[in-house]
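J.: Here it is, the structure in full.
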Amino acid sequence: MSDKVRLVLLSFLMLFIELALIRWSGENVVYLSFFSNFVLLGSFLGIGLGFLWAGRRRPIFQYAPLLLAVYVVFVALFPAKVDRTGAGLIYFGEYESVGLPPWVMLPLIFLAVAAILATIADGVARTFAKFEPLQAYRLDILGSIAGTIGFALLSFLGAPPLVWGIAAAALLVVMLGRGWLQWVPAAAMVAALAWQTFLPGLSWSPYYQVETKESVLEDGSPWIRINVNGIPHQAASTVEARREIEPLYFRPYELLEPGHPLDRMLIIGAGTGTDVALALEEGTAELDAVEIDPEIFRIGEAKHPDRPYSNPNVDVHIDDGRAFMERSEGDYDMIIFALPDSLTLVSGQSALRLESFLFTEEAVTQARDLLAPGGVLTFYNYYREEWLIDRLARTLEEVFGTTPCVEVVGNAGGLATLMVSTDEEAINCPSQALARDTETAPAPVTDDRPFLYLREPGLPGIYLAAVALIVLVSVVAVRLVSGPMKAMLVYLDLFFMGAAFLLLETKNVVQFALLFGTTWVVNALVF
């Protein structure tokens with residue numbers, strides 16, 4: 031093929047594999063969903079090392095399939111689940127850590143990703159050098175954009191990792207030829223992904239690896255469990271079974287003043303439809319159900335035993351909750367934020383979660399403005415930390431100007447229900463549920479600082495340690511590949527341009543998330 035076509039395809043491959051590694055690694059090593067900067071920054075380091083290597087040493091691009099196959103097999107054999115026992119940040123998932131510990135897995139992943147991208151970047155760089163700089167950049171950018179769009183389309187369509195692996199393997203073989211060093215590792219990688227893809231009950235959304243498990247309760251009714259990225263996330267059952275197992279889901283309706291209208295409701299975080307089914311059981315006449323994940327909605331639509339999404343009174347919106355509220359006309363008798371916690375970040379470069387902009391003062395103000403006179407806003411979730419409940423209660427109190435009703439069952443590890451209205455008579459709240467200490471609670475979060483799960487402003491120690499590790503490894507790696515660092519001082523302007531690039535990308539991810547919602551499509555546009 032011509033050098034122009036080769037450079038475009040190599041740039042496509044480099045961005046495609048970078049995004050695939052970020053996504054797939056986070057699905058198998060769950061704490062990467064919270065620290066996926068390791069994969070992203072490892073990719074950037076690897077690309078830089080590949081360009082440095084190409085200037086003075088023999089080619090290493092031919093080893094890309096082998097390194098990629100080893101990485102895929104290793105991660106598939108040693109998946110890890112999140113350990114959320116730390117007090118500084120709150121993680122949603124299992125308490126136990128399964129697999130290699132983070133202090134072993136994270137450095138290995140960082141180094142492995144850097145090595146993989148370095149080999150691919152070596153191929154890009156050697157082709158890059160055949161052109162004048164501006165022409166090379168033009169072709170490189172064309173391929174990079176195509177790779178980003180290609181992976182985004184596969185994610186949007188819910189394609190499993192096997193499809194990503196086949197695409198990457200085919201491109202590698204086309205670029206490198208048909209030697210055993212290419213075919214054997216490519217086939218091994220595809221085989222490992224095929225084994226994982228065809229495990230029973232697995233499917234893929236734009237955000238998660240979704241596992242569906244079906245069973246039957248003692249009374250014979252269906253019980254459907256949804257795990258995402260290996261973590262228990264949701265369950266679907268009949269309303270009657272839910273009343274027996276978790277009656278607290280009915281508590282918001284029990285706290286309403288008798289006769290409170292439920293003509294129109296909004297549920298954000300509708301999931302598989304259990305909250306929708308409860309609302310319909312309580313007599314809701316018209317309901318907007320907002321769920322960001324199309325695959326979780328699809329499972330609920332097909333498998334929820336009460337079939338709530340088939341009800342003609344339910345209008346489903348696959349959208350970001352904050353973005354939907356900005357476009358809604360409102361006049362709701364009740365708005366429920368139904369356990370809208372995520373297990374992933376909005377991108378590998380921003381410490382924001384999918385729900386970060388849902389719980390800011392501005393978002394709560396929007397929700398208040400969408401309520402009909404006397405309407406009620408309700409939060410419920412397993413918040414796990416008393417200070418988090420107090421922060422949310424303080425937010426509701428400051429926005430509504432009335433005391434919220436806050437019920438916590440057992441300790442903070444139980445289900446907490448928070449309800450508020452501009453009309454205090456709309457909620458029949460027990461006196462003990464009005465006694466939260468909001469004066470000393472952490473301040474509400476805002477759109478300028480939407481870090482709900484960070485108790486005090488600052489950088490958690492675990493992030494500082496991660497940054498220190500990245501800097502140390504990067505400096506050592508660059509020194510080994512490039513030679514004396516002093517020779518690079520003449521390129522100090524490029525150092526600041528690189529820093530500006532990262533800051534600009536982070537800023538755009540955050541800003542786009544606020545303006546258009548934290549959806550996969552928005553993040554792909556930013557990249």
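Be aware that the sequence shown starts at 31, since it is given in our numbering, and climbs by one per residue.
Positions of the beta carbon are idealized from the N, C-alpha and C atoms, including for glycine.
Bear in mind the structure is a predicted one, so any value in this text is a computation, not a measurement.
Specify the secondary structure class of Leu401 as computed by DSSP and reduced to three states.
T.: The answer is strand: DSSP assigns Leu401 an E or B state.
J.: Could you pull out every residue in the same chain whose Cβ sits closer than 8 Å to the Cβ of Leu211, ignoring the five residues on either side in sequence?
T.: Cβ neighbours of Leu211 beyond the five flanking positions: Gln92, Tyr93, Pro95, Leu96.
J.: Taking the alpha-carbon of Ala271 as reference, which of His334, Ile146, Ala465, Lys243 has the nearest alpha-carbon?
T.: Minimum Cα distance to Ala271 is reached at His334.
J.: If contact is defined by three or more beta carbon pairs under 8 Å, each pair taking one atom from either stretch, is the region 285-299 in contact with the region 256-274?
T.: Cβ pair count under 8 Å is below three, so no.
J.: In angstroms with no decimal places, state the Cα-to-Cα distance between Ala189 and Trp234.
T.: Computed Cα separation, rounded: 7 Å.
J.: Would you say Ala110 and Val59 are within 8 Å of each other, going by their C-beta atoms?
T.: In contact: Ala110 and Val59 (Cβ atoms closer than 8 Å).
J.: Measuring straight from C-alpha to C-alpha, what distance separates Asp305 and Thr314?
T.: Taking the straight line joining both Cα atoms gives about 12 Å.
J.: Using only alpha-carbon positions, find the residue among Leu286, Arg281, Leu418, Ser358 that is nearest to Gln319.
T.: The sequence given here has Ala at residue 319, not Gln. The option with the nearest alpha carbon to Ala319 is Ser358.
J.: With which residues is Cys435 paired in a DSSP beta bridge?
T.: Cys435 pairs with Met449.
J.: Start and end of the alpha helix (DSSP H) containing Val103?
T.: From DSSP, the alpha helix (DSSP H) with Val103 extends over 94-107.
J.: Keeping to the same chain, check which residues put their C-beta closer than 7 Å to that of Lys160; ignore five residues upstream and five downstream.
T.: Closer than 7 Å at the Cβ level, and outside the excluded window around Lys160, lie Asp33.
J.: Among Ala456, Thr408, Glu455, Val394, which has the Cα closest to the Cα of Val436?
T.: If we check each option's Cα against that of Val436, Thr408 comes out closest.
J.: In terms of residue numbering, what span does the beta strand (DSSP E) encompassing Lys160 cover?
T.: Unbroken run through Lys160: none, as it is neither H nor E.
J.: Grouping DSSP H, G and I as helix and E and B as strand, with all else coil, what is Val475?
T.: In the structure shown, Val475 sits in coil (DSSP, three-state: anything other than H, G, I, E or B).
J.: Rounding to the nearest angstrom, what Cα-Cα distance links Leu278 and Arg509 in this structure?
T.: In a straight line, the C-alpha of Leu278 is about 59 Å away from that of Arg509.
J.: Starting from the Cα of Ser245, find the closest Cα among Tyr237, Glu321, Ala265 and give me that residue.
T.: Comparing Cα positions, the closest option is Ala265.
J.: Any idea which residues DSSP pairs Gln239 with across the strands?
T.: BP columns for Gln239 point to Trp234.
J.: Pull up the CB-CB distance for Phe387 and Ala543, whole angstroms please, since I reckon it's below 8 Å.
T.: At roughly 6 Å, the Cβ-Cβ gap stays under 8 Å, so Phe387 and Ala543 are in contact.
J.: For Leu555, which of Glu416, Asp453, Phe181, Ser504 has the nearest alpha-carbon?
T.: Taking only the C-alpha atoms, the option nearest Leu555 is Phe181.
J.: Please list the segments of the alpha helix (DSSP H) lying wholly inside the region 263-295, counting only runs of 4 or more residues, in order along the chain.
T.: Counting only runs of 4 or more, we get 269-275, 281-285.
J.: Quick test of the definition: if touching needs 3 or more C-beta pairs under 8 Å, does the region 151-169 touch the region 68-86?
T.: The region 151-169 vs the region 68-86: in contact.
J.: Thr470: buried (16+ other C-beta within 10 angstroms of its C-beta) or exposed?
T.: Classification for Thr470: exposed.
J.: Report all residues from its chain with a CB closer than 6 Å to the CB of Leu71; omit the five preceding and five following residues, and keep chain order.
T.: Once the five neighbours on either side are set aside, the close Cβ partners of Leu71 are Ile500.
J.: Assuming contact is defined by CB atoms lying nearer than 8 Å, are Val438 and Val394 in contact in what I supplied?
T.: Not a contact, by the Cβ cut-off of 8 Å.
J.: So, with DSSP's three-state summary, where would you put Met31?
T.: The answer is coil: DSSP assigns Met31 none of H, G, I, E or B.
J.: Taking the beta carbon of Met515 as the centre, do at least 16 other beta carbons fall within 10 Å, making it buried, or is it exposed?
T.: Exposed is the call here.
J.: For the alpha helix (DSSP H) that Val220 lies in, which residues bound it at each end?
T.: Where Val220 is concerned, the enclosing alpha helix (DSSP H) stretches over 210-227.
J.: Distance check for Asn343 and Glu241, CA to CA, integer angstroms please.
T.: Looking at the two C-alpha atoms, the distance is approximately 29 Å.
J.: State the beta-bridge partners of Val406 as determined by DSSP.
T.: Paired residue(s): Met364, Ser451.
J.: Just list the residues that DSSP pairs His347 with in beta bridges.
T.: BP columns for His347 point to Val320.
J.: Pull up the distance between the alpha-carbon of Leu136 and that of Phe367, whole angstroms please.
T.: Near 33 Å, if we compare the C-alpha coordinates of Phe367 and Leu136.
J.: Quick check on this structure: which residue in Phe228, Gln239, Leu79, Gly177 has the alpha carbon closest to the alpha carbon of Ala142?
T.: That would be Leu79, whose Cα lies nearest to the Cα of Ala142.
J.: Leu310: which of Arg328, Glu321, Tyr339 sits nearest, CA to CA?
T.: Minimum Cα distance to Leu310 is reached at Tyr339.
J.: Give me the Cβ distance between Leu147 and Glu57, rounded to the nearest whole Å; I'm assuming they're in contact under 8 Å.
T.: Contact doesn't hold; Cβ gap of about 19 Å is too wide.
J.: Expressed to the nearest angstrom, what Euclidean distance is found between the alpha-carbon atoms of Leu484 and Phe531?
T.: Going by the C-alpha atoms only, they are around 26 Å apart.
J.: Is Phe158 closer than 8 Å to Ala166 when the C-beta atoms are compared?
T.: Yes.
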